[in-house]
Each structure stands twice: as C-alpha cells, then as structure tokens.
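Its first residue numbered 59, the sequence shown is counted upward by one per residue in my numbering.
Glycine included, every Cβ here is placed at the ideal spot set by N, Cα and C.
This report concerns only the one structure given below.
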Amino acid sequence: MTETARFTVACAQMRSGQDPAANIAAADVLIREAAGRGADIVMTPEMTSLMVTGRRALFEAIHPQGEDPALAAFKALADELSVWLLAGSLAVRVSETQAANRSVLISPEGRVVATYDKIHMFDVDLDNGESYRESRTYLAGDRGVLAALPWGRLGMTVCYDVRFPHLYRALAQAGADFLSVPAAFTRQTGEAHWHVLLRARAIETGAFVFAPAQGGVHDNGRATYGHSLVVSPWGEILAEADGEEPGVILAEIDTAEIARARQRVPSLSHGRRFSIDTPSHLEVVS
Ligand SMILES: O=C(O)CNC(=O)[C@H](CS)NC(=O)CCC(=O)C(=O)O
Numbered sequence: 059m060t061e062t063a064r065f066t067v068a069c070a071q072m073r074s075g076q077d078p079a080a081n082i083a084a085a086d087v088l089i090r091e092a093a094g095r096g097a098d099i100v101m102t103p104e105m106t107s108l109m110v111t112g113r114r115a116l117f118e119a120i121h122p123q124g125e126d127p128a129l130a131a132f133k134a135l136a137d138e139l140s141v142w143l144l145a146g147s148l149a150v151r152v153s154e155t156q157a158a159n160r161s162v163l164i165s166p167e168g169r170v171v172a173t174y175d176k177i178h179m180f181d182v183d184l185d186n187g188e189s190y191r192e193s194r195t196y197l198a199g200d201r202g203v204l205a206a207l208p209w210g211r212l213g214m215t216v217c218y219d220v221r222f223p224h225l226y227r228a229l230a231q232a233g234a235d236f237l238s239v240p241a242a243f244t245r246q247t248g249e250a251h252w253h254v255l256l257r258a259r260a261i262e263t264g265a266f267v268f269a270p271a272q273g274g275v276h277d278n279g280r281a282t283y284g285h286s287l288v289v290s291p292w293g294e295i296l297a298e299a300d301g302e303e304p305g306v307i308l309a310e311i312d313t314a315e316i317a318r319a320r321q322r323v324p325s326l327s328h329g330r331r332f333s334i335d336t337p338s339h340l341e342v343v344s
C-alpha cells in the first residue's frame, strides 16, 4: 500500500453461553458501545452467538447461514450503526451432520462481503483433562480469505489457526495488512501461548493483528482465556482487554506502520529461499 489511512478498530470480549438470544443481546450492547466510542470496525470472538458442549446441543441451535438469527441481527446492526462488523465466528449448519466455524465480514450497509471457514480443527487433549474434537462436528475450511476494507486488506482466520504460521505468511504475501484472529482459547493454553503466538504472527507478517476473545467461565463449564488483543506490525500490544472480563477495547490504527515495520525488517520478502512444500530442501543427517 502506498496511501496510508487511519481508523479505529474495536474488539468485543464476550462470555457467550448456551442461549443464542442472550449472546446476541450481549453482543448488541458491546457493538453499540464500540460504535459510540468511535469504532469504524468492530470484531466479536469465535462462537459469538453460541458456546455449547456436544453435537446434539449444537445441532438443536444452529441454522444455515441464510436463516441464522445472529447473522440477521448483526447485519441490521452494522447497517443501523454504519460500522464494519466481523462476526468473529458463528456456528453455521452446512449439512444435516456438519457445521462450519465461520467468520463473517459485514459491510456498513449490512451486507455479507466475505466468509471464512476455520481451516485448522482443534482436536487436542490437554493434560488437565480437557479434550476437544472439533473435527467431529465441524467441516474444516479449505481456503484462506483476504477481504478488502476501506483501509487495506483483511486476512481472516480463527483461533487455533494462529498456530499455523504459514497460513499467515501466505495471507501477508497475498497482500494482507490486517489479520483477524477471533478466539475461544482455553485458559490453560492461553496462559502459556496466547500473547506470544499473536505477537509472533504480527511480527512475522508486518501486519496488524486483531484478536477478539471469549473470556471467563461459560455456562457450559468451559473456561476461556480472554485477553483480547490488538497488536501492531512491530509486535507492540496496542490494546488489551482486562483479563477475562467482557467489554470493549479500542485502538487507533495507522496503516503507515505496516510499511515502516516491513522496511525495518523485510523478512516477509526474504522468505523465498526455503519452501516447506519442497522436502528436498531438508537435509536429514543421521
Ligand atoms: O467449541 C466452541 O464452543 C468454541 N470453539 C472453540 O472453543 C475452539 C474449538 S474447540 N477452540 C479453539 O480452537 C481453542 C484453541 C486453543 O485453545 C489453542 O490453540 O490453544
């Protein structure tokens, strides 16, 4: 980008539960607060409108995208407030037996302009007994998505994707200026990894990282880490939510910082000497 721009981003930190109507109402309050405080774009966490345990509860509550009441509410709200809105993710029914963990970008006219389905499924057993098999319920996405905003391009990702740096590098090399990472990180992995992973993705790509998070103990018993973050292309934390508490954080974004960071350390354009897709580039010495 040669022209630079300034805008205000907001991340809404939530503690979504099992009742979609209550979650939509909670998001509505936070999005209105963010817009009232000057946000041009507001982002909500992974699973904004539903946090449940088990596929039965999930399938009783979800809808195809065109019939999702949360999406309808967010489209109307974006239009009413004239803000960009990223519904960090919604559980969307894509077949009788599968859902997508879908991030949805809505324009200030209330139109869906881009959707991204989470690629990397959280199939993990933690040593505190927590166990997740996201791929049993969700159909993984198979494409990265770069969406045009008035101030630059947004690379859309979700939560566990943050552990796969080649996705972010690909998005940045394709022109991403901003990366969204709506999340519902576990408390345990968040304490160990959250800040480091998000700052690393920003530093490696020279892009801003926006990470709205779920936080606290949810009514299905899960504990999530919170600490929603906005990170600059140089890796500085520009805004951070207060621990696990729901609320809104805002940050002023100056896109000139993208070129500045990439000029200081041009690692994004120095990455063509080694490809993870070319095993012959690896010498195994035994
Ligand atoms: O299922 C829901 O209700 C909401 N979705 C999630 O919580 C998702 C999939 S289980 N969580 C993560 O990806 C956590 C990643 C993480 O914590 C890590 O990478 O350490």
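Checklist entry - How about the region 88-99 and the region 117-124: do they share at least three Cβ pairs that are nearer than 8 Å? => result no
Checklist entry - Where do the ends of the beta strand (DSSP E) carrying LEU143 lie? => result Position 85 of the sequence shown, counted from the start, is the residue given in the question as residue 143. 142-151 is the span of the beta strand (DSSP E), which, as asked, contains LEU143.
Next on the checklist: Assuming ASN278 is part of the alpha helix (DSSP H), what are its boundary residues?
Outcome noted: For the purposes of this step, residue 278 is identified with residue 220 of the sequence shown, where counting begins at 1. Segment: none, ASN278 is in no alpha helix (DSSP H) and carries neither H nor E.
Checklist entry - How many angstroms separate the CA atom of ALA131 from the CA atom of ALA84? => result Position 73 of the sequence shown, counted from the start, is the residue given in the question as residue 131. Position 26 of the sequence shown, counted from the start, is the residue given in the question as residue 84. For ALA131 and ALA84, the distance between alpha carbons rounds to 12 Å.
Next on the checklist: Taking its Cβ as the centre, do 16 or more other Cβ atoms sit within 10 Å of GLU249, making it buried, or is it exposed?
Outcome noted: If you number the sequence shown from 1, residue 249 lands on position 191. Its Cβ having fewer than 16 others within 10 Å, GLU249 is exposed.
Checklist entry - Excluding sequence positions up to five away, which residues of its chain have a Cβ less than 6 Å from the Cβ of ILE99? => result Position 41 of the sequence shown, counting from 1, holds the residue named residue 99. The residues are VAL67, TRP142.
Next on the checklist: Restricting to Cα atoms, I'd like to know which of ASP126, ASP137, ARG73 is closest to MET109.
Outcome noted: Along the sequence shown, read from residue 1 onward, the residue named residue 109 stands at position 51. When only C-alpha atoms are compared, the closest one is ARG73.
Checklist entry - For THR244, which of helix, strand or coil comes out of DSSP? => result Along the sequence shown, one-based indexing puts residue 244 at 186. It is a strand residue.
Item to check | Distance cut-off 7 Å: GLU192 Cβ against heavy atoms of ligand 1 | outcome: Here residue 192 refers to the residue found at position 134 when the sequence shown is read from its first residue. The answer is yes for GLU192.
Checklist entry - What do you reckon, are the CB atoms on ILE82 and LYS133 nearer than 8 Å? => result As a position in the sequence shown, residue 82 is number 24, starting the count at 1. As a position in the sequence shown, residue 133 is number 75, starting the count at 1. Cβ distance not < 8 Å, so ILE82 and LYS133 don't count as in contact.
Item to check | Which listed residue (PHE180, ALA232, ASP200) has its alpha carbon closest to that of ARG191 | outcome: If you number the sequence shown from 1, residue 191 lands on position 133. The shortest Cα separation from ARG191 among PHE180, ALA232, ASP200 belongs to PHE180.
Item to check | Closest residue to GLU154 among VAL182, LEU197, ASP183, LYS176 (Cα-Cα distance) | outcome: Here residue 154 refers to the residue found at position 96 of the sequence shown. Of VAL182, LEU197, ASP183, LYS176, the residue nearest in Cα terms is LEU197.
Item to check | Bridge partner(s) assigned by DSSP for GLN71 | outcome: One-based indexing of the sequence shown puts residue 71 at position 13. DSSP output for GLN71 lists GLY305 as bridge partner(s).
Checklist entry - Is the region 224-244 close to the region 282-296, with three or more CB pairs under 8 Å? => result yes
Next on the checklist: Can you give me the C-alpha to C-alpha distance between THR336 and VAL342, rounded to a whole angstrom?
Outcome noted: The residue labelled residue 336 in the question sits at position 278 within the sequence shown. The residue labelled residue 342 in the question sits at position 284 within the sequence shown. Between THR336 and VAL342, the C-alpha separation is close to 13 Å.
Next on the checklist: I believe GLN76 touches PRO304 by the beta-carbon criterion, under 8 Å. Please report the beta-carbon distance rounded to the nearest angstrom.
Outcome noted: As a working mapping, residue 76 is identified with position 18 in the sequence shown. As a working mapping, residue 304 is identified with position 246 in the sequence shown. Contact doesn't hold; Cβ gap of about 16 Å is too wide.
Checklist entry - Cα separation between SER333 and LEU229? => result Counting from one through the sequence shown, the residue named residue 333 turns up at place 275. Counting from one through the sequence shown, the residue named residue 229 turns up at place 171. Cα to Cα, SER333 sits roughly 16 Å from LEU229.
Checklist entry - Under three-state DSSP, which class holds GLU61? => result In the sequence shown, counting from the first residue as 1, residue 61 sits at position 3. The answer is coil: DSSP assigns GLU61 none of H, G, I, E or B.
Checklist entry - Three-state secondary structure (DSSP) at MET120? => result The residue given as residue 120 occupies position 62 in the sequence shown. It should be pointed out that residue 120 corresponds to Ile in this sequence rather than to Met. Coil at ILE120, not helix or strand.
Checklist entry - From which residue to which residue does the alpha helix (DSSP H) around GLU138 run? => result If you number the sequence shown from 1, residue 138 lands on position 80. It spans 127-139 - the alpha helix (DSSP H) in which GLU138 sits, taken as one unbroken run.
Checklist entry - Alpha carbon to alpha carbon, what distance is there between SER107 and PRO53? => result The chain is shown only over 59 to 344; residue 53 falls outside these bounds and no answer can be derived.
Item to check | Nearest-angstrom Cα separation, counted from ARG194 out to HIS178 | outcome: To locate residue 178, count along the sequence shown from 1; it is residue 120. To locate residue 194, count along the sequence shown from 1; it is residue 136. About 13 Å.
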